[in-house]
Amino acid sequence: KAVLEQLANSGLAYPQWQILGMDLMSSHTDPCLSSDYYILYSRFSETCSPLRCGEHFAPVPLYKFSALADDHEQLIRWQLQYQALDEIQMQQNRVLHKSAERSLQQLSSKLNQQGRALARRFERISLTPVFYALYSGSSDNCITETDKRCPGCKGSWRLDQPLHDIFDFKCDTCRLVSNIAWDCQSPS
Numbered sequence: 048k049a050v051l052e053q054l055a056n057s058g059l060a061y062p063q064w065q066i067l068g069m070d071l072m073s074s075h076t077d078p079c080l081s082s083d084y085y086i087l088y089s090r091f092s093e094t095c096s097p098l099r100c101g102e103h104f105a106p107v108p109l110y111k112f113s114a115l116a117d118d119h120e121q122l123i124r125w126q127l128q129y130q131a132l133d134e135i136q137m138q139q140n141r142v143l144h145k146s147a148e149r150s151l152q153q154l155s156s157k158l159n160q161q162g163r164a165l166a167r168r169f170e171r172i173s174l175t176p177v178f179y180a181l182y183s184g185s186s187d188n189c190i191t192e193t194d195k196r197c198p199g200c201k202g203s204w205r206l207d208q209p210l211h212d213i214f215d216f217k218c219d220t221c222r223l224v225s226n227i228a229w230d231c232q233s234p235s
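Residues in the sequence shown are numbered from 48 upward in steps of one, following my numbering.
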């Protein structure tokens with residue numbers, strides 16, 4: 048209230064704003080007040096929160112997790128590392144291609160261990176399941192790729208229908224989602 052009085056005393060009015068339309072080039076944030084589950088997901092071109100609503104797959108602003116404010120910086124640092132490695136493995140002249148791809152694909156990589164630890168921490172504090180999106184870019188055998196087992200528990204995890212048209216696999220036990228390796232998917 049004091050700030051508004053200072054504005055008035057200075058001859059200024061309260062700032063006015065108007066929504067002119069949707070920014071079609073930006074990711075729209077999740078409309079849910081809460082979600083049944085979240086997915087920790089990032090790619091090289093993402094500029095939004097890496098936490099996604101399980102229902103809409105829309106980014107969930109980190110401010111909605113105020114109890115986790117101390118973890119926001121760690122999450123953003125993880126996302127930046129993820130994006131850097133994803134960018135490297137996407138390049139045409141791939142200098143560090145295999146090293147970057149292993150960091151993204153192998154469940155035991157330091158990057159994925161950090162991401163899964165962050166997902167578990169967000170789940171523990173929010174009391175809502177948080178799945179980790181494990182990237183799958185290439186495969187040694189495209190014939191068996193669709194029948195691969197969960198890399199965590201070795202259980203069956205193939206979905207009947209893809210989740211959000213991206214994830215072909217989901218393991219509730221290990222809190223993982225993944226896709227059929229991109230180089231094994233037939234062009235549509």
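Cβ coordinates follow ideal geometry from the N, Cα and C atoms, glycine included.
| Item | Value |
| --- | --- |
| Please report the residue range of the alpha helix (DSSP H) in which Leu51 lies. | Ala49 to Asn56 |
| If contact is defined by three or more beta carbon pairs under 8 Å, each pair taking one atom from either stretch, is the region 104–124 in contact with the region 195–206? | no |
| Is it true that the CB of Tyr129 sits closer than 8 Å to the CB of Ser236? | The displayed coordinates of the chain run from 48 to 235. Any statement about residue 236 would go beyond what the structure contains. |
| Below 8 Å between beta carbons: does that hold for Tyr110 and Val177? | no |
| Just to confirm the assignment, what range does the beta strand (DSSP E) spanning Arg99 have? | Leu98 to Cys100 |
| I'd like to know whether the C-beta atoms of Leu181 and Leu223 end up nearer to each other than 8 Å. | yes |
| Can you tell me whether Gly238 is buried or exposed, with buried defined as 16 or more other CB within 10 angstroms of its CB? | Outside the displayed range of the chain (48 to 235) lies residue 238, so it cannot be described from this structure. |
| With which residues is Ile236 paired in a DSSP beta bridge? | Residue 236 cannot be examined here, being either before or after the span of the chain that is shown, 48 to 235. |
| What are the boundary residues of the beta strand (DSSP E) that includes Arg205? | Arg205 to Leu210 |
| When burial is assigned at 16 or more other CB atoms within 10 Å of the CB, is Asp230 buried or exposed? | exposed |
| Within its chain, find whatever has a CB closer than 7 Å to the CB of Asp133; leave out the 5 residues flanking it on each side and keep chain order. | Arg90, Phe91 and Leu151 |
| Compute the Euclidean distance between the alpha carbons of Gly101 and Lys48, then round it to the nearest angstrom. | 40 Å |
| Exposed or buried, what is Trp125 when buried is set at 16 or more other beta-carbons lying within 10 Å of its beta-carbon? | buried |
| Pull the bridge partners of Ser225 from the DSSP assignment, please. | Leu181 and Phe216 |
| Could you give the residue range of the alpha helix (DSSP H) that holds Leu59? | Taken as a continuous stretch (DSSP letters only), Leu59 belongs to no alpha helix (DSSP H), as it is neither H nor E. |
| Pull the bridge partners of Pro106 from the DSSP assignment, please. | Arg99 |
| Are there 16 or more other CB atoms within 10 angstroms of the CB of Leu87, so buried, or fewer, so exposed? | buried |
| Our contact map puts Thr175 next to Ser233 with C-beta atoms below 8 Å; I'd like the distance itself, whole angstroms only. | With 8 Å as the limit, Thr175 and Ser233 do not qualify as a contact, their Cβ atoms being about 35 Å apart. |
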